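Protein chains in written order, with this note's numbering: chain A, 1 to 221; chain B, 1001 to 1431.
Reading through the structure tokens given below for one structure.
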Amino acid sequence: MIKLIEISKIYRTSEIETMALDNINLEVREGEFVSIMGPSGCGKSTLLNIAGLLDEPSSGTVELHGKPVSGLNAREAARFRNTELGFVFQSFHLIPSLNVLDNVQMPLLYRRMGATERKERALKMIEAVGLSHRVKHFPSQLSGGQCQRVAIARALVGDPSIILADEPTGNLDSKMGAEVMELLHEVNKQRGKTILMVTHNESQAKQTDRIIRMLDGRIIG
Amino acid sequence: MFKQILKQLWFYRRGNAWLFVEMTLIAAASWFLVNAVWPGIYRTSLPDGYETDGVYAVSLNRLSEGQNGYRPEMDTPEQRSVDFHRIGNALREMPEVQDAAPVGATLPGLNYSNYNRAIMVDTVNRYGYSYAYHIREAGASDLELLGYRQVWPQGAPIEDLPNTVIITEDLAQALFPGENPIGRRLSQFSTYQEYGWRISGVIAPVKVEKDKEYRGFVMYAGPDIVALDEGMSLVWIFRVAPGVDEEAFIQQAKKTWREDLAFGNWRVASVMPLEENLESAVTDTFMWRALFIFLLVCILIGVASFAWLRTRERRGETGVRRAMGGSAGSIMLTQLAEVWILFAASLIVGLLIVLNVLIFGKIDFCAPGLSSYYVLNVTKESLPVLFEPVLHFLAVAGIVAGLLIVVVTLSTIVPVAGALKESPADVLKDE
Chain A
1 MIKLIEISKI YRTSEIETMA LDNINLEVRE GEFVSIMGPS GCGKSTLLNI AGLLDEPSSG
61 TVELHGKPVS GLNAREAARF RNTELGFVFQ SFHLIPSLNV LDNVQMPLLY RRMGATERKE
121 RALKMIEAVG LSHRVKHFPS QLSGGQCQRV AIARALVGDP SIILADEPTG NLDSKMGAEV
181 MELLHEVNKQ RGKTILMVTH NESQAKQTDR IIRMLDGRII G
Chain B
1001 MFKQILKQLW FYRRGNAWLF VEMTLIAAAS WFLVNAVWPG IYRTSLPDGY ETDGVYAVSL
1061 NRLSEGQNGY RPEMDTPEQR SVDFHRIGNA LREMPEVQDA APVGATLPGL NYSNYNRAIM
1121 VDTVNRYGYS YAYHIREAGA SDLELLGYRQ VWPQGAPIED LPNTVIITED LAQALFPGEN
1181 PIGRRLSQFS TYQEYGWRIS GVIAPVKVEK DKEYRGFVMY AGPDIVALDE GMSLVWIFRV
1241 APGVDEEAFI QQAKKTWRED LAFGNWRVAS VMPLEENLES AVTDTFMWRA LFIFLLVCIL
1301 IGVASFAWLR TRERRGETGV RRAMGGSAGS IMLTQLAEVW ILFAASLIVG LLIVLNVLIF
1361 GKIDFCAPGL SSYYVLNVTK ESLPVLFEPV LHFLAVAGIV AGLLIVVVTL STIVPVAGAL
1421 KESPADVLKD E
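Listed below in structure tokens is the structure:
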């Protein structure tokens, strides 16, 4: 489902060259819930961004559903992200000027879906994450856990096959973190979504199907 | 998508309100600035009936002390005038020249302007008739060459005699409504002297310096020689006679006239088509126009900065939208639509403010401030966009709208395009 083949990422400035990822090979099967762990700066988020077509590798190939996607142009990559991928970020990345409903609808806007269908699907997803009573609220009026649940709803509304979560509980307390993890597990088990998650939390990682450990841009376990 | 844009505009209403107010005031101020500058592009428009084909201007300069050929005994006002007219006579004697006339200090063929508010018709004082008056340097027969258009007498030339006066049609209609004024007597009442003059001709209305205030124009036939003061810049214009090889004649003139038409300390500086000469003479409002343009540029930079910052602040949002699958085009359009809606609203309100100021202030905004070098006005028929109030208002509004939309569009496109060039991952770090 997700295949990273000999992926390297080098950041270059006029003075310094930094190898963020060094010849990474990784495969995630359909329906798996995989977590990536490692110390800060080891390249976990860079790996996730490349897998999610948010960044381009310096070399190597990314395959999603058996199809090479690292060579897609910007428009094709956007379309792929919209239909096949869902993102959950540590900082939620909700649009502050849009309410919960509009935030969740956003991926569907870019599919040019009709307003009624869009609203229906969004409301359904908001209900699924238990926030029907907050539909008209803005992100500034929600708790961290609620924001993250909105982000999960947004990630799922387009029915993508793959969810990429970058430290989804990083900004939450343990209770809210546990709630979010429960939701992600539900998404994985009941909806069959493949999840690739970056985390610092060992106990949360142990609850996933597989842990990939990284150090200095390499997979070590 | 449109609903979402409106919601976002409302969400950021505090910041947008400031931008809205700023752009409204700028739209209003820009209208007045553009209105001050814009007619300038028409400043060398030729009035209807002002024929310049085959007419050339001979610009003169005077030698000064220290220059080769300078003769101090020739440097008196009276001698300067004599030598100046010798040039004109020499021109008139050329078979290639149909006619020549002096252009003069103020309007062509005339000495300095003066103004008065009382006039004596026959023996009756009439007050409230503001008019400008001049001593004529050109003969009546030269008036047509200089651009003055004869109305009376019809079918006969104007008599070129002493103690005669030529007046403009608007003054003639005011003083002698429905009558032929030729032969009537006018006096200019003055505290120092009274002059009695016989009307020998009527010409089409002339554009005086303060044409809004003074409705008439009077040209007195003065003495034969008018003393020329220091610093007066004088030009002779001439019309090439029919059948002459104009190009060859002018080429020859440019080569030889500096010597051939050297009289006293006068020297021919240049020979050029009258239209070119008129363009080069239009400088009186340059500084004001330059100032207004500078102010306009400052204002537009202000708008651009504000729009740029506003877009830059939401750079991270671009990354989020791209992560959600938004294409570059749709993201750009979303940002542009927001700023265009703001711009359109502020433009409408700004122009409404302008309209109110113009209407309630009874401001004559169509006064175009065209070149003061012509004797005839550019007319409404030839340039309706300057003179018709509605057309004029809309034309200036269109220019303002065009300038502002280019500025706000570029100020939005550039930062958004910059964010779109980078990877979504890098842009998201700004969020």
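Just so you know, even glycine gets a beta-carbon here, dropped at the ideal spot from N, CA and C.
Being a predicted model, the structure only gives us computed values, none of them experimental.
*Can you pull the chain A residues whose beta carbon is under 7 angstroms from the beta carbon of G1040 of chain B, in chain order?*
Those do not exist, as G1040 of chain B stays about 44 angstroms from chain A at its closest Cβ, beyond 7 angstroms.
*Measuring alpha carbon to alpha carbon, tell me which of B:S1059, B:S1081 and B:I1405 ends up nearest L1274 of chain B.*
B:S1059
*Tell me, please, which residues DSSP counts as bridged to S59 of chain A.*
A:S8
*Whose C-alpha, out of B:Q1150, B:I1119, B:A1138 and B:E1144, is nearest the C-alpha of F1176 of chain B?*
B:I1119
*Using three-state DSSP, classify A1156 of chain B as helix, strand or coil.*
coil
*Would you check if there are 3 or more beta carbon pairs closer than 8 angstroms linking the stretch 49-64 of chain A to the stretch 1385-1403 of chain B?*
no
*Alpha carbon to alpha carbon, how far is I50 of chain A from V69 of chain A? Give it in angstroms, no decimals.*
10 angstroms
*Show which residues of chain B have a CB atom less than 8 angstroms away from the CB atom of S97 of chain A.*
Neighbours of S97 of chain A in chain B, taken as residues at a C-beta separation under 8 angstroms, are given in chain order as K1007, Q1008, F1011 and Y1012.
_Beta carbon proximity, S1327 of chain B to chain A, threshold 7 angstroms_ = yes
*Close beta carbons around G1122 of chain B, own chain, < 6 angstroms, minus the five adjacent residues each side*: Note on identity: in this sequence residue 1122 of chain B is Asp, with Gly being the wrong assignment. Contacts found: R1185.
*Grouping DSSP H, G and I as helix and E and B as strand, with all else coil, what is L1060 of chain B?*
Here L1060 of chain B sits in strand by DSSP.
*Determine which residues share a DSSP beta bridge with R1289 of chain B and list them.*
The partner list for R1289 of chain B (beta bridge, DSSP) is empty, contrary to what the question assumes.
*In the stretch 101-132 of chain A, which residues sit with their C-beta less than 7 angstroms from some C-beta in chain B, listed in chain order?*
D102, M106, P107, L109 and Y110
*Of the listed residues A:S59, A:V62, A:L26 and A:I95, nearest to Y1012 of chain B (C-alpha basis)*: A:I95
*Coarse secondary structure for A1101 of chain B, derived from DSSP in three states*: strand
*asked:* Under 7 angstroms, Cβ to Cβ, is there at least one residue of chain A near D1211 of chain B?
replied: Legend: pLDDT at D1211 of chain B = 48, less than 50; position of this residue unreliable, no value from coordinates given.
*Local conformation of A1241 of chain B per DSSP, three classes*: coil
*Cβ neighbours of A1304 of chain B in the same chain (closer than 6 angstroms, five flanking residues each side left out)*: V1407 and S1411
*Have a look at the DSSP bridge pairing and note the partners of N1114 of chain B.*
For N1114 of chain B, the pairing in a beta bridge is given by DSSP as B:Y1133.
*asked:* I want to verify the contact list: residues of chain B whose CB lies under 8 angstroms from the CB of F87 of chain A, in sequence order.
replied: A1323 and M1324
*Kindly indicate which residue of B:G1319, B:V1357, B:M1272 and B:L1336 has the alpha-carbon position closest to the one of E1422 of chain B.*
With distances taken between Cα atoms, E1422 of chain B lies closest to B:G1319.
*asked:* Does the contact criterion of 3 or more C-beta pairs under 8 angstroms hold for the stretch 1286-1295 of chain B versus the stretch 1031-1044 of chain B?
replied: Touching, yes.
*Mind pulling the chain D residues with CB within less than 9 angstroms of L196 of chain A?*
The structure shown contains no chain D; its protein chains are A and B.
*asked:* Give me the chain A residues within the contact set of Q977 of chain B, using Cβ-Cβ distance strictly less than 8 angstroms, ordered along the chain.
replied: Only positions 1001 to 1431 of chain B appear in the structure, and residue 977 of chain B is not among them; the question remains open.
*Is DSSP giving E1247 of chain B helix, strand or coil here?*
Shown here, E1247 of chain B sits in a helix according to DSSP, grouped into three states.
*Could you tell me whether the stretch 183-193 of chain A touches the stretch 6-19 of chain A, where touching means 3 or more Cβ pairs closer than 8 angstroms?*
Between the stretch 183-193 of chain A and the stretch 6-19 of chain A, the count of Cβ pairs shorter than 8 angstroms is below three; the stretches do not touch.
_Using C-beta distances below 6 angstroms, list every residue in its chain close to V88 of chain A, excluding the 5 sequence neighbours before and after it, in chain order._
A151, I152, A155, A165 and P168.
*Cβ-based contacts, 9 angstroms cut-off: residues of the stretch 50-70 of chain A near chain B*: I50, G52, L53, L54, D55 and E56
*In whole angstroms, what is the alpha-carbon distance linking I162 of chain A and R121 of chain A?*
18 angstroms
_For the stretch 1414-1431 of chain B, list every residue whose C-beta sits within 7 angstroms of some C-beta in chain A, in sequence order._
S1423, P1424, A1425, L1428 and E1431
*Quick one: Cα of Q1193 of chain B to Cα of G1109 of chain B, how far?*
At Q1193 of chain B the pLDDT is 49, less than 50, meaning the model places this residue with poor confidence; the figure from the coordinates comes in the next sentence. Near 24 angstroms, if we compare the C-alpha coordinates of G1109 of chain B and Q1193 of chain B.
*Alpha carbon to alpha carbon, how far is R149 of chain A from F1360 of chain B?*
A direct Cα-Cα distance of roughly 58 angstroms separates R149 of chain A from F1360 of chain B.
*CA nearest to the CA of Q105 of chain A, picked from B:G1326, B:L1145 and B:M1332*: B:G1326
*chain A residues whose Cβ lies nearer than 8 angstroms to that of M1001 of chain B*: L109
*By a C-beta neighbour count over all protein chains shown, 10 Å radius and 16 as the cutoff for buried, is Y1148 of chain B buried or exposed?*
Buried is the call here.
*Hey, does V1354 of chain B have any beta-carbon neighbour from chain A nearer than 7 angstroms?*
no
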